[in-house]
Amino acid sequence: DKASLAARIAEVAEGNPYHARQALLAHGEGHALDGSLAELLRRRLAKLPADAAELLRLVCALGRDVSLELLDGLVDDSVTLLATDLLMRRGFLVSGPERSLSPAHPAMARAVLDGLSHSELVAMHRAIAKRLQQAGSSVFLRAHHAYEGEGTEDALELLTVAGDEACRWSDVETAALVHYRRAAHVARWHLLWSERDQNYLELSLKMGSALRASGHSRAAEVVFKEVLGSADQHPTLRDRAKHGLETLHGG
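In this note's numbering, the protein residues as written are 51 to 301.
Right, dumping it as structure tokens:
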């Protein structure tokens, strides 16, 4: 009866309103209510039609307020309309401003993406990055998906530009800790640039300067010292690293 169902849902949800909502929906779909929220979500997700599951994965990877126009370039128009209706009725997606969609809850988005293999995630991010380029989307969004899609050369260029753009907007902390750091990772470990490579040293100096400007003095010192130790063939870059250290130490 309704009272026993409510008691069972309260028991499994343990005070989590979203878990309670998912348990009620799962019950209506004929699923068992036991297990964690993630397990409950996985059971519900497994029953989605393939086209709806694909659309949901794309929205979860793109984040909040994903425009239908952008999705139309990734999924067939007729699929988007039918799948969107189903996903909203089942509580997986919510509508937003200007014909946009968002995951209904961060826990649901995590469950969706956790269900993908590494190769599936990479392929999806590559498709998204290509569509974002066609749509002329922001460099920050393109850089993120190029990086997650392991686009190497494209990712390196976009991340560096994103870092420069963030600095122009005075967001030096994001430039250092996200964009330049990721760019350095791609250059060093994917493209296998030498630590003595001039381009790598210049990128490191950008990261060091952004770290210093954002108050991460210890990290900036480490970066400047690494450049100083590797730039023996590049006296101009050595001088810039020395100047960075002097500035850190009040020189």
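Positions of the beta carbon are idealized from the N, C-alpha and C atoms, including for glycine.
What does a CB cutoff of less than 7 angstroms around residue i pick up in its chain, not counting 5 residues either side in sequence?
{"i": "C217", "result": "A225, A260"}
{"i": "A159", "result": "C110, P153"}
{"i": "E215", "result": "V189"}
Rounded to the nearest angstrom, what separates residue i and residue j at their Cα positions?
{"i": "A73", "j": "G65", "result": "12 angstroms"}
{"i": "L298", "j": "A233", "result": "23 angstroms"}
{"i": "H284", "j": "Q248", "result": "7 angstroms"}
{"i": "V162", "j": "A193", "result": "22 angstroms"}
{"i": "K275", "j": "Q184", "result": "41 angstroms"}
{"i": "H168", "j": "L251", "result": "31 angstroms"}
{"i": "E197", "j": "K292", "result": "Note that residue 197 corresponds to Tyr in the displayed sequence, not to Glu. Their Cα atoms are separated by approximately 31 angstroms."}
{"i": "H175", "j": "A205", "result": "12 angstroms"}
{"i": "S86", "j": "G294", "result": "51 angstroms"}
{"i": "A96", "j": "P156", "result": "18 angstroms"}
Indicate the three-state DSSP secondary structure (helix, strand or coil) for residue i in the structure shown.
{"i": "P153", "result": "strand"}
{"i": "G80", "result": "coil"}
{"i": "G265", "result": "coil"}
{"i": "V172", "result": "helix"}
{"i": "V109", "result": "helix"}
{"i": "S117", "result": "strand"}
{"i": "Q283", "result": "coil"}
{"i": "R246", "result": "coil"}
{"i": "W219", "result": "coil"}
{"i": "E104", "result": "helix"}
{"i": "L278", "result": "helix"}
By Cβ distance, which residues of its chain are closer than 6 angstroms to residue i, with the 5 residues on each side in sequence left out?
{"i": "L90", "result": "Q72, A76"}
{"i": "R94", "result": "A76"}
{"i": "L287", "result": "L251, A281"}
{"i": "H235", "result": "none"}
Got a sec? Which residues, its chain only, sit under 8 angstroms from residue i by beta carbon, not counting five neighbours each side?
{"i": "L143", "result": "L106, V109, T134, L137, L151, S152, P153, A154"}
{"i": "G141", "result": "R71, Q72, L75, A154"}
{"i": "V211", "result": "V189, A193"}
{"i": "L120", "result": "L112, R181, L182, A185, S187"}
Determine the extent of the beta strand (DSSP E) in which residue i is found, giving its start and end residues.
{"i": "L143", "result": "143 to 146"}
Relative to the C-alpha of residue i, which residue among the options is closest?
{"i": "A270", "options": "D282, L241, K256", "result": "K256"}
{"i": "E200", "options": "L182, L241, F190, S187", "result": "L241"}
{"i": "I178", "options": "G123, L131, G146, L253", "result": "G123"}
{"i": "V172", "options": "S128, S145, T202", "result": "T202"}
{"i": "E104", "options": "L166, L227, H81", "result": "L166"}
In terms of residues, what are the limits of the alpha helix (DSSP H) holding residue i?
{"i": "S128", "result": "127 to 139"}
{"i": "Y230", "result": "Neither: Y230 is in no alpha helix (DSSP H) and is coded neither H nor E."}
{"i": "T202", "result": "T202 -> no alpha helix (DSSP H), and no H or E assigned at all."}
{"i": "R93", "result": "87 to 96"}
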